[in-house]
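Trainee: Residue numbers (this note's numbering): 343 to 465.
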């Protein structure tokens, strides 16, 4: 309980299958099963990465994020696919309230997304 807000579960998946070892090894664990498991453990935040989109600039997998959000009351950080401000706006507009944070790595260092604009658009 004391650590439930300080421990974050990272779930990296290719479709519905969890991947490990730098995304090189697919497991037999389903993404949905792992979401339910970490929720039962009391984890209050999940970082979800759709591997197929990470670094592509094709936008977040909002369908998967909506589905995951329906499985847990935990807060969800979206990862994988952001390139522009429109991607963040689409994430905000098309996902439930518990999808409440986003990772924007490559978009920042390539300059396709301005941090100040992103913060202003999502505040």
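Here a beta-carbon is modelled for each residue, glycine too, at the ideal position from N, C-alpha and C.
(1) Would residue 374 and residue 413 be called neighbours here (beta carbons separated by less than 8 Å)?
(2) As an exercise, report each continuous beta strand (DSSP E) stretch of at least 3 residues that is fully enclosed by the segment 371–404, in chain order.
(3) Just reading off the beta strand (DSSP E) that residue 442 is part of, what are its end residues?
(4) Check the DSSP bridge columns for residue 408 and list the partner residues they point to.
(5) DSSP on residue 458, reduced to helix/strand/coil?
(6) Quick one: what's residue 360 bridged to in DSSP?
(7) Using only alpha-carbon positions, find the residue among 362, 409 and 457 that is nearest to residue 439.
(8) By how many angstroms is the C-alpha of residue 345 removed from the C-alpha of residue 384?
Mentor: For this structure:
(1) To locate residue 374, count along the chain shown from 1; it is residue 32. To locate residue 413, count along the chain shown from 1; it is residue 71. Yes, the Cβ-Cβ distance between residue 374 and residue 413 is below 8 Å.
(2) Counting only runs of 3 or more, we get 387–392.
(3) As a first step, residue 442 must be located in the chain shown, where it is residue number 100. Here the beta strand (DSSP E) through residue 442 covers 441–444.
(4) Here the question's residue 408 lines up with position 66 in the chain shown. DSSP lists no beta-bridge partner residue for residue 408.
(5) Working through the chain shown from its first residue, we reach residue 458 at position 116. Helix, per DSSP.
(6) What you label residue 360 is simply residue 18 of the chain shown in a count that begins at 1. Residue 360 is bridged to 355.
(7) Numbered from its first residue, the chain shown carries residue 439 at position 97. That would be 409, whose Cα lies nearest to the Cα of residue 439.
(8) Stepping through the chain shown from its first residue, residue 384 is reached at position 42. Stepping through the chain shown from its first residue, residue 345 is reached at position 3. For residue 384 and residue 345, the distance between alpha carbons rounds to 9 Å.
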